[in-house]
Every structure is written in C-alpha cells, then in structure tokens.
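Peer 1:
Protein chains in written order, with the working numbering: chain A, 2 to 329; chain B, -6 to 283.
(1) Using a Cβ-Cβ distance under 7 angstroms, would residue 103 of chain B count as near chain A?
(2) Using 10 angstroms around the beta-carbon of residue 190 of chain B, count the other beta-carbons present and answer buried if the total reaches 16, otherwise exposed.
(3) Below 8 angstroms on the Cβ atoms is my guess for residue 12 of chain B versus residue 235 of chain A; work out the distance and round it to an integer in Å.
(4) Write down every uninterrupted run of the alpha helix (DSSP H) in the stretch 251 to 281 of chain B whose length is 4 residues or greater and which is fully enclosed by it, in chain order.
(5) Along the stretch 27 to 41 of chain B, what residues have a CB closer than 7 angstroms to any CB found in chain A?
(6) Taking residue 233 of chain B as part of the alpha helix (DSSP H), name the residues at either end of that continuous run.
(7) I believe residue 37 of chain B touches residue 26 of chain B by the beta-carbon criterion, under 8 angstroms. Please report the beta-carbon distance rounded to the nearest angstrom.
(8) Expressed to the nearest angstrom, what Euclidean distance is found between the alpha-carbon atoms of residue 53 of chain A and residue 200 of chain A?
(9) Along the chain, where does the alpha helix (DSSP H) that runs through residue 67 of chain B open and close?
(10) Is the distance from the Cβ of residue 145 of chain B to the Cβ of residue 251 of chain A below 7 angstroms?
(11) Just list the residues that DSSP pairs residue 186 of chain B with in beta bridges.
(12) At which residues does the beta strand (DSSP E) containing residue 107 of chain A begin and terminate?
(13) Taking the alpha carbon of residue 119 of chain A as the point to measure from, which residue in A/231, A/136, A/43, A/149 has its own alpha carbon closest?
(14) Would you give the residue range spanned by the beta strand (DSSP E) that residue 246 of chain A belongs to?
(15) Take the Cβ of residue 282 of chain A as the centre, count every other Cβ of all protein chains shown within 10 Å, and call the residue buried at 16 or more, exposed below.
(16) Residue 154 of chain A to residue 278 of chain B, Cα distance in whole Å?
(17) Specify the secondary structure class of residue 224 of chain B as computed by DSSP and reduced to three states.
(18) Leaving out the 5 sequence neighbours to the left and right, which residues in its chain are closer than 7 angstroms to residue 1 of chain A when beta-carbon positions are compared?
(19) Sorry if obvious, but does the Cβ on residue 257 of chain A come closer than 6 angstroms to a heavy atom of the ligand MG?
(20) By how many angstroms is the C-alpha of residue 167 of chain A removed from the C-alpha of residue 95 of chain A?
(21) Am I right that residue 107 of chain A and residue 86 of chain A are in contact with their C-beta atoms under 8 angstroms? What's the rounded C-beta distance?
(22) Rounded to whole angstroms, what is the Cα-Cα separation between residue 279 of chain A and residue 271 of chain B?
(23) On the three-state DSSP scale, how would you describe residue 102 of chain B?
(24) By Cβ distance, which residues of its chain are closer than 7 angstroms to residue 106 of chain B, with the 5 residues on each side in sequence left out?
(25) So residue 169 of chain A contacts chain B; which residues on that side make the cut at Cβ distance below 9 angstroms?
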C-alpha cells in the first residue's frame, strides 16, 4: 500500500502567490502570453534542488510569503528573493533543499532583498494544465488554481514520482545578487528611429527608478523624457508622437508611452498595442528585472546582437554549472 | 515600400511591413506568417501576425539569427504586393446592442479621462466623423464588414479594420487616459480600429455597445469553443448587426445557458477584386450570411 499523495493547504495566501512553471508557448498570436516564472534562473534552481524537471510548477511569491500546511512529508526548496522560509517557526536556509513532515507549517520571514521567491516541492505542484502549462495567467483565467492566485483554503496537489533529497545547496557563486542598483542589457531597435539622438542618449544615460507599477505584466520606470523625431502621423497610428499602428510587442520590449516612463513588458505582457518600443531586454536579463523592487535604480545598457548571444551562452553555461554542483 | 527588420533582443525578430495601416499591409503580414507556419522550421516558438507588422519568437541556439532573417526576407519577396493572395477566411455576424446600459454606466464613470465629457463616446465619435446623428453613425459602423487584422492585447481580443475606402473610414482617438474598467464583450473603437473586448479589464478605446456573443471561453464549455478557447482569428470578416434590448436579453440568456452559437460561414477572400469594387464585393460577402 502506498501512502496518500501529499497535499499543501493554504492557510494564508501571501500578497499575490501564483503557480508558475516554464511557461506556455505558441499562443501569443492570440493574445495569450508565455506567463511562467518571471525569474527563470531561480525557477530552474528551485526545481533542481528538489529533483524536479527544470520547468515544473512552483509557487511564485511576491514581496510577502504564504503560510502553508503539509499533509504529508516532502522535500522543498526556496530560491530567488531573500525571504527566509520557516518550518513551524524555525528558520530554514534559502537556496538549499530541506525536509518537511506531515502536519508541518511553512511560512516566511519578511522580505530583505529582491522581489520574487520560488518555492519548489519534490514532485512539483500538480494543478490544472491549460494550453500546455500550469502557469497562472489571471487576465485570461488560465492555469493555476482556477486561473487565479492561491487563496486561503485552497488545497494544492503535489505530483508523485520525484524523489527529493534534503541538504542540497546551490553554491554562493551560483546565486544571483539581489541589488538596488542594477544594469539591464538591451538590444536597441524596434521603433528607436522615432527617437532623436538626444532622446536615445537620454534613454541610455538616465538612471531610471522603478515605480510601484511592477507586476507580471510590466515594470514601469521614472526618470526622464525622451525626445522624439517630428512627423506627420501615419494613417491609423494616432496623434501622439509615441503612437504607432498597433503592432505585436516582444516579451522584454521597452515601450515609452508619451515619451515618459518606459515600461519593460514581462511574461504576462499584453501581446500588442500602439506605443513605440525602443529596445528589448535580453531574455536572461528579464530575471534581473523580475527581482527589482520598487525604487531600484536601473541603467539600460546597450549591447549588439552578437554580445547578446554570447551572454545567452554564458547564462546557459551557468545553469549547467548549477546542475553540476547539485548532482555531485 | 519595403519592410523594416529589427532584432527584438536575442529571441525576437520584428518586421514592420508598412508604417501606415492598410488592408494590403495586413494581407502581407497574414500571407508571410501563413507561409512560415506551413514551413514551421524547428526553433520557432511564436508567430504573431499584426495589423501592418509581425514578429517571430525563435530560439537562436537552433536557428542562426542572420540566416533566419534572410529567410524571412525571402518570404516577403515571395508574397510581393499580396494583391494575388487568396485567404481562407470566415464571414461572421456579431449582434450589437449599441448604447447599452453597461458601457454607458462605465463611460459615465470615466468622463474625466475623455476628450468630450459632455457627450457619450458614440455621440463624440459621430460628431467628429461628420455624422448628423448617432443613428447615422451606427448605420455606417454596422453597414460594411470589418476585417480582423490582429488578435491580441489580451486573450482573444480582435482588432478590426473597416472594409471601405479610406475616405469613408471612421477615425476616433483613444481616451486621453485609459480606463481601469471595460465590460466584457464591449464593442470599442480606437484610431481606425474597432475591437471587441474579450474579457473585462482596462482599456482605452471608445465604447459604442456590447455583444451578447462570447468570444473567449477558457474552460471550453460553450458550443463554439470545442476546439479553441479563442473564437476570433485573423482574417475573420465581421458584420456588426444592431439589435434591440429584447433580442440582447434573449441571446444573453442563451449564452449563459451555453446554447448561443455565432453565425459564421467559410469564404475565400481575394484582395485585388475587393480593392477594385469594395461595395460590390462586400455585398456578395454579406450575402453569405443570409
């Protein structure tokens, strides 16, 4: 006889805790964005620590943690933002797998740095799959628990099959720094020809400050106004100099409505719209954006495509080294 | 004019086919992305066709970026001016209760964000487009079909471009500042595009009315959604049909009971004959709905 599968009861949901995984692909042309963990490196690390597949479903915790009760034993790990987990009130380390027993209560200390933490459980969260992913996309009511963040009283099913091991540790050198001063690498392009040389220089020379508008859809920054080239508006674009004929929006693209307050679109992005975009954040640097808390000072640093591809390869290598460190 | 190609970071290629909106630019976007979809080389993650542009998300570790970009240019050459392209489309009828109580209540709450706080959205749109009455404006909005030129913004929301010569197109600016609320299935308008809000949420388009027809069903329990969660696709040609409150209530009750069906017919659409005689072509198209 096998023991019944472990479930996790939600006693307190936290601020906006959602089920997320590697994300869904192939539906962006219908307005359904990839979703998935905003910090994909921390997702991969959390899953690796508990013996899961890299894209398995975890809980994404924003600013404030939930309180959860386990109905059976499990191995869990928390990565990402510095928000220390506690088991029955006793502190547990981040970036390290640990065991919980039947009846244990897991909650969190207050947030010390970063924005988003990832809680993985061996076996993964086994909630509904919509369009190939368990990721919660609230606007479209997809994935997660009934397409919404977790709520008090929810019972989260845990998958079986993975055998987690307590005591695995991601080495210090393979943990991302959580800083209030960050550089985010971008490839310029899209509609950056709408900027004057001065507007372009303002974009790249300004130290932008992240505003409180920083959610799964996008991150809005304050700090300057970008000068645009004069023009006769093309038919269908709209009168404002920042308007374009509604186009698709790349994930990570930076749009600048009205020339002020650039917005980095993240993994729950609106898929298109009528504002000029002037650059795109490198896919790997979206992790840095994900961990930015409001007031984070941010510089957008231009790189060319070749550099972007080299940085992409370095990131892949870093993930490989993280896996290697956990399989010794 | 030839297209403008741009890198969107390390995973996107963005292609603007024309700076201004036209049915021809949209046809190019649809035709090129259709070709790419048929080929479906390994490493492609998303193919998004839009009004006068498109984008592709790809894995640069599988598809070498510069070679892939050259390939996209060769697809553009193959499609050419798109005048000879035939698209498999649908003609779709969407009933609309114009000036309904729900969008009216919503627009009243956001008058401080509107160009003309003294008028309703449809009164404002009628006036600035030179119509002498709202009734005349509704006749223009519902009198000719609309080509679905893009699906997106949020899940399943169609952008629709009026199939009339440019001098007869309705143009209305978006709200000065976006609303934080829009009822589900609102028929909206911004720039030269009509839209149907698939879900409730924020929005900046003017609100003219509401349809009882669901166009997004994430649980796929309704009869029009057995295969897809999203009803509208690029290329759908939509005829708005004005309805009264009684018909709205009846259709809404059917929709809630999961019995409502949208009327749709498969047709093929050729750009050149349409451009030669839009009114005659539209008349034949709409005959399919009879």
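For every residue, glycine included, the Cβ atom is placed at its ideal position computed from N, Cα and C. This structure is a prediction, so every number in the text was calculated from the model and none was measured.
Peer 2: Taking the coordinates as given:
(1) In terms of beta-carbon proximity, residue 103 of chain B stays away from the interface with chain A, with every pair separated by 7 angstroms or more.
(2) Looking at its Cβ environment, which holds 16 or more other Cβ atoms inside 10 Å, residue 190 of chain B is buried.
(3) That belief holds up - the Cβ atoms of residue 12 of chain B and residue 235 of chain A are roughly 4 angstroms apart, short of 8 angstroms.
(4) Note on the stretch 251 to 281 of chain B: whole alpha helix (DSSP H) runs with a minimum of 4 residues are 264 to 269, 271 to 280, in chain order.
(5) From the stretch 27 to 41 of chain B, only 38, 39, 40, 41 have a Cβ closer than 7 angstroms to chain A.
(6) Here residue 233 of chain B belongs to no alpha helix (DSSP H); instead the beta strand (DSSP E) covers 230 to 235.
(7) That pair is no contact at about 11 angstroms.
(8) Taking the straight line joining both Cα atoms gives about 46 angstroms.
(9) Residues 58 to 72.
(10) By the CB criterion at 7 angstroms, residue 145 of chain B and residue 251 of chain A fall outside the cutoff.
(11) In the DSSP assignment, the residues bridged to residue 186 of chain B are B/154, B/183.
(12) From DSSP, the beta strand (DSSP E) with residue 107 of chain A extends over 106 to 109.
(13) Ranking the options by Cα distance to residue 119 of chain A, first place goes to A/43.
(14) For residue 246 of chain A, the enclosing beta strand (DSSP E) starts and ends at 244 to 249.
(15) Residue 282 of chain A is buried by the Cβ-count criterion.
(16) Roughly 53 angstroms between the two C-alpha positions.
(17) Three-state result, residue 224 of chain B: coil.
(18) Lying outside 2 to 329, the shown extent of chain A, residue 1 of chain A is not represented and no answer is given.
(19) With respect to small molecules bound, the structure shown includes none, and the ligand MG cannot be examined in it.
(20) One alpha carbon belongs to residue 95 of chain A, the other to residue 167 of chain A, and they sit about 12 angstroms apart.
(21) Indeed, because the Cβ distance is near 6 angstroms, the residues count as touching under 8 angstroms.
(22) Residue 279 of chain A and residue 271 of chain B have their C-alpha atoms roughly 37 angstroms apart.
(23) It is helical.
(24) Listed in chain order, the non-local C-beta contacts of residue 106 of chain B below 7 angstroms within the same chain comprise 168, 169, 170, 172, local neighbours out to five positions each way being set aside.
(25) Close partners of residue 169 of chain A in chain B (Cβ separation under 9 angstroms) are lacking, with about 28 angstroms as the shortest Cβ gap.
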